[in-house]
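Please read the structure below before turning to the comments.
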Amino acid sequence: MLPKTPTPLTSDESAFIHVKAGESLKENLAFIRNDSKDHSIHLNIIVEEEATLELIETYGGNGSYTTNVEMDIFLHRNAVLKHLKNQNESQECVHNNIVSIHQDKSSSYSSLLINKGSKNSHYNVRSILQGEFSTCTFKGINILKEKQKAKATIAIEHQVPNCESFQFYRSVLDDWSVGSFEGRVHVFKEGQKTFARQMSNALLLSPTATMFTRPELEIYADDVECNHGATTGQLDQEQLFYLRSRGIPENVAKNLLIEAFISEMFEGFEDAKL
Amino acid sequence: MIKIKNLTVEVGDKQILNGLNLELKSGEVHAIMGPNGSGKSTLSYVLAGREGYKVTGGSIELDGINLLDLSPEERAVIGLFLAFQYPIEIPGVQMTTFLKTALNSLRKARGEKELDSLAMLKLIKEKQKLLGITDDMLKRPVNVGFSGGEKKRNEVLQMAMLEPIFSVLDETDSGLDIDALKIVAKGINTLRSPDRSFLVITHYQRLLDYIQPDVIHILSKGRIVKTGGAELALELEKNGYAEFIENVA
Ligand SMILES: Nc1ncnc2c1ncn2[C@@H]1O[C@H](COP(=O)(O)OP(=O)(O)OP(=O)(O)O)[C@@H](O)[C@H]1O
Ligand SMILES: [Mg+2]
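So the protein lines, in turn, are chains Z and H.
Going by our numbering, the letters in the first sequence line up with residues 623 to 896, in that order.
Going by our numbering, the letters in the second sequence line up with residues -5 to 243, in that order.
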């Protein structure tokens, strides 16, 4: 049984979002920092049976500070959570985000993380699919430059049969930036008919940018479909020339191609902006 | 309009153009014909400023401006356009975004007012009708999922939108059915005016029936080996390139 009351909130800045059975809610949380102080945020989210939540988190600020976000999400039967996170913290910030998600039967979680800020960010997710026919999608966009580092660690547990999970990452890395993606899918012995996909694509805009991708599949059921893939590449010179030959300046043409590279990630999140 | 003098070009370590001379006056349409691998596309890419084509000698001027000093986008700004032999697919960039960005980039660079969405849409509609481009094609990403013929028509659509003063069409007629060929010819003929010129690269007499060039050149091994009138194309159609190629051997 998933809880319907919050676990005690431990930090200075916390929020408890509770969507009652059958209801639907839109919630916008913005954490904008200009005080150069460290922050610890605890978010507790419960979406009950047949309820829907659309959640937007935005992080931003100035100066040097650390943000620690701890997030617990419980999705009851048939609950739906659409989750957009804009991480646009100051370039000197360290941003850590630990997310734990429990999903009951036929619930659906889909998220898009837009990761642009912080000198160092870590997004660490543990997702537990414990009710049949539940589905989770983690999409992420990294736009990094200079010496920014961003790491995503996503571990999904398929504890029961007939669940789906998706992890799609697109990284655009300039200068000396480093992106890293570790996606883990763990299918329990009971997790028959699991469908899991994982893909990381990186566009390196500079020869000194690096992307690390490490997929990990741990599968104990025999009737599953799990696949993963990774690509790294540069901007396509032929496409760039084609655009420029039509009078489009080089930097505009590059931006068009970069936008094109990440555009698919916005499916289902049409209102989201970079 | 365009003056190419003694142009020599290397690709990789291989010399492809070997002292090419060509001059087009305003309002003229010239055709270039020549066997596969003779350097026709190389010439078109050098004109458009593609990387990897090393000009080792000679000059190219468009209306007195040295093209070789300019980036591809600057060449477009002064009025050059290349219809690609193999148009490039760009997944994720919508056709309308592409057309809008291209035309407004040119207008901006020329100090003209950019068109708003409404004016742009009207212009696209007008050209689209002329060239039989479907709404569906405009909703797709640039050239993605277009048939060979649709890609070629899309090149002509871009030309019609951007209204260049000097257009190079590299085998825009290849792979077209007869109706598409007529449409493409119409696209060219509509733009034709005393202050625009066209260089049409083709393998077939067929296109020339519809657009009647003023001059025909034969390119072989990186050089123009023969220049003449419409009769040259007919002669080629009948006898092939053999006699012209022997001339230079
Ligand atoms: N990147 C390259 N590296 C090496 N050789 C090249 C390269 N691009 C073109 N070439 C060579 O240059 C020569 C001329 O090619 P080009 O494409 O200009 O011919 P073309 O006249 O347009 O032929 P077609 O009628 O088949 O289109 C060919 O021999 C070709 O193999
Ligand atoms: Mg060619």
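Backbone N, C-alpha and C define an ideal beta-carbon position, used for all residues, glycine too.
Would residue i be called buried (16 or more neighbouring beta carbons within 10 Å of its own) or exposed?
i	result
R868/Z	buried
E768/Z	exposed
M623/Z	exposed
I210/H	buried
I172/H	exposed
N849/Z	exposed
K8/H	exposed
I118/H	buried
V96/H	Sequence check: residue 96/H is Ala here, not Val. A96/H is buried by the Cβ-count criterion.
K123/H	exposed
L112/H	exposed
G805/Z	buried
T128/H	exposed
Q861/Z	buried
G73/H	buried
R104/H	exposed
I776/Z	buried
D164/H	buried
Report all residues from its chain with a CB closer than 6 Å to the CB of residue i; omit the five preceding and five following residues, and keep chain order.
i	result
L651/Z	E679
H744/Z	N718, K773
F834/Z	S802
S636/Z	H664
Y204/H	A179
L827/Z	D796
H808/Z	E779, E840
L16/H	I(-2)
V23/H	F192, P207, D208
I765/Z	K738, V794
I(-4)/H	L18, L56, F160
V820/Z	Reading off the sequence, residue 820/Z comes out as Gln, not Val. Hits under 6 Å: Q789, G805, P837, H850.
K94/H	M114
In chain order, what residues of the same chain lie with their CB nearer than 8 Å to the CB of residue i, ignoring the 5 residues before and after it?
i	result
V242/H	Low per-residue confidence applies at V242/H: pLDDT is 47, beneath 50, and the placement is therefore not dependable enough to give any value.
D63/H	none
Is there at least one Cβ from chain Z nearer than 8 Å to residue i's Cβ?
i	result
A243/H	Because the pLDDT of A243/H is 42, which lies under 50, any placement of that residue in the model is unreliable, and the question is left without a value.
I59/H	no
A96/H	yes
L76/H	yes
V71/H	yes
R44/H	yes
S53/H	no
E67/H	yes
Can you tell me whether residue i sits near ligand 3, meaning its C-beta is under 7 Å from at least one heavy atom of the ligand?
i	result
K34/H	Ligand 3 is not among the ligands present in this structure, which contains only ligand 1 and ligand 2.
Residues of chain Z with CB closer than 7 Å to the CB of residue i, please, in chain order.
i	result
Q308/H	Past the boundaries of the shown model lies residue 308/H; chain H is included only from -5 to 243, so the question cannot be answered.
L100/H	G869
Would the beta-carbon of residue i be found less than 7 Å away from any heavy atom of ligand 1?
i	result
N30/H	yes
I82/H	no
G6/H	yes
G46/H	yes
I639/Z	no
Q79/H	yes
I765/Z	no
I54/H	no
D218/H	Checking the displayed sequence, the identity of residue 218/H turns out to be Ile instead of Asp. For ligand 1, not one heavy atom lies less than 7 Å from the Cβ of I218/H.
I10/H	yes
Taking 7 Å as the cut-off, is the beta-carbon of residue i closer than that to any non-hydrogen atom of ligand 2?
i	result
D164/H	yes
V859/Z	Reading off the sequence shown, one finds Gln at residue 859/Z, where the question assumed Val. Not under cutoff, so the answer is no.
Under 7 Å Cβ to Cβ from residue i, same chain only, skipping five residues before and after it: list those, please.
i	result
Q781/Z	I750, L751, Q752, F810, E812, G813
G762/Z	L735, N737, A774, Y791
L125/H	R147, V150, L151, A154, I177, G181
F238/H	I212, S214, V219, K220
Which chain H residues are close to residue i, counting only those with a beta carbon under 8 Å from its beta carbon?
i	result
S885/Z	G86
A882/Z	I84, P85, G86, V87, P135
V874/Z	T95, S99
Give a yes or no on whether the minimum CB-CB distance between residue i and chain H is below 8 Å.
i	result
V809/Z	no
Q861/Z	yes
E892/Z	no
V794/Z	no
Y864/Z	yes
Can you name the residues of chain H whose CB is closer than 9 Å to the CB of residue i?
i	result
Y791/Z	Going along chain H, no residue has its Cβ under 9 Å from Y791/Z, so there is no contact; the nearest lies around 16 Å.
L878/Z	I84, G86, V87, T91, F92, T95
Could you tell me which chain Z residues have their CB closer than 8 Å to the CB of residue i, listed as they occur along the chain?
i	result
L156/H	R868, G869
Against residue i, what residues of chain Z qualify as contacts under a CB-to-CB distance less than 9 Å, listed in chain order?
i	result
A244/H	Beyond the ends of chain H as shown, which are -5 and 243, falls residue 244/H; an answer cannot be given.
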